[in-house]
Amino acid sequence: MLQRRYLLLGLVTLGATVIPALPLQPAQAQQSVELTLVSYAVAKPVFAKLIPAFQKEWKAKTGQTVTFKESYGASGAQTRAILAGLEADVLAQNLQTNVTPLVEKGLVKSNWEQRLPNKAVPAYSVMVLVTRPGNPKQIRNWSDLTKPGVDIIAINPKTSGNARWGVLAGYGSILKTQGQSAAQAYLNGFVRNIKTLVNSGREATDTFVKNRVGDVLLTFESEIIFTNEAIPQDFPYVAPSPNLQVDFPVTVIDRVVDKRGTRKVAEAFTKFLFSPTGQRIYAELGYRPYNQQVRNQFARQYKPVNKVFTIADLGGWTQLDQQIFADGGLFDRAQQAAAKR
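In mature numbering (1 follows the signal peptide of the UniProt record, and there is no 0), the protein residues as written are -29 to -1, 1 to 312.
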């Protein structure tokens, strides 16, 4: 399990990390290589453990030192930064659709999901509702988010994948169980109760935990498991059912690794995420690793969810983006309706 010596707040950037070199024979020594990793805001804690583990393993195997530059931020903004010229060797995302623009521009090959196990998704999570101690607003399911007097800390779906998963978890659950009309009513009520709309998952957690704003925080299960291990006081949370499987895909940026000559090491790093060591680290940081054997070893830390649906069950990202998140879509219309109240 995690140790409470980890600090949650103030996690914004992490400098290059270097594992001290092991004694090597001269013939073993290779020129060091630097990788740039770009990822979503709340991924920093898990990569703070994955990177040193990979560096140690790669050093022992090849004699080569690997250093990392890292960038963490709102997932949509990270993709836009790469499109604007940020040279990332590896991209770890929280939305497949944040990779799509890179494929369209020729930065990533179209077969990126087939190059790694499980469609390039080493771990997943579900969405949870984090409440104040004692759960004074009695928030237990998705519909409770629409009750009068509930102040929600939410993330802007225009900038964050975390936000899109959060919107779709509740919307999709109501859609599956009660139909389109009820799902639209849920979305309107959810948006009406948003007290603070922030730009990233890290900012949302800090707003709720550090600044103590709001009654409920909608975020990844992995984020609150880590948070509760990192701070003195645990925050209660529920994982409503049905729930949505949240995938965290990873890929190398083909154009960059070929230009910089880093493909071999970059691909080795992405493959390491699927190794037993990588999978165990994901579990230790609150994620649900794709390896079921490892996941079962950590089963007690996860909230039971009776039914989990996927984005495909809701029609796929193309349809959902156009219907809900595009300019003038259901989310925008719900915001406009809330502003008139």
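Yeah, the Cβ is synthetic: ideal placement off N, Cα and C, and Gly gets one too.
- Counting C-beta pairs closer than 8 Å gives three or more between the region 2 to 13 and the region 47 to 62, which meets the contact rule.
- Proximity of the region 172 to 186 to the region 85 to 95 falls short of the contact definition, fewer than three beta-carbon pairs being nearer than 8 Å.
- N133 and G172 do touch by the CB rule: their CB atoms are close to 4 Å apart, below 8 Å.
- When secondary structure is reduced to three states using DSSP, L73 falls in the helix class.
- For the set T198, Q155, F245, S246, the Cα lying nearest the Cα of Q306 is the one of Q155.
- By the CB criterion at 9 Å, D225 and K32 fall outside the cutoff.
- Going by beta carbons, I295 and L139 fall inside the 9 Å limit.
- Closest in C-alpha terms to G249, from the list P220, V101, K20, comes K20.
- N170 sits close to T130, with the two beta carbons spaced by under 9 Å.
- When the Cα atoms are used, V276 and K235 turn out to be separated by approximately 39 Å.
- DSSP places F18 inside the alpha helix (DSSP H), whose first and last residues are 15 to 33.
- Taking one beta carbon from each stretch, the region 105 to 114 and the region 266 to 286 have fewer than 3 pairs nearer than 8 Å; the two do not touch.
- Annotation for G141: the continuous alpha helix (DSSP H) segment containing it runs 132 to 149.
- A239 places its beta carbon less than 9 Å from that of F25.
- For I295, the secondary structure class from DSSP, reduced to helix, strand or coil, is helix.
- Contact between the region 248 to 264 and the region 115 to 127 is absent: fewer than three C-beta pairs spanning the two stretches fall below 8 Å.
- If you draw a 10 Å sphere on the C-beta of T68, you find 16 or more other C-beta atoms in it, and that means buried.
- In the three-state reduction of the DSSP assignment, K166 falls in the strand class.
- In this structure, the CA atom of T233 is about 17 Å from the CA atom of I53.
- For E41, no alpha helix (DSSP H) segment is defined; the enclosing uninterrupted segment is the beta strand (DSSP E) at 37 to 44.
- In the structure shown, the three-state DSSP call for S171 is coil.
- In this structure, F191 sits near V99, with a CB-CB distance shorter than 9 Å.
- DSSP places E255 in the uninterrupted alpha helix (DSSP H) bounded by 247 to 255.
- Linking F161 to I124 through their CA atoms gives a straight-line distance of about 11 Å.
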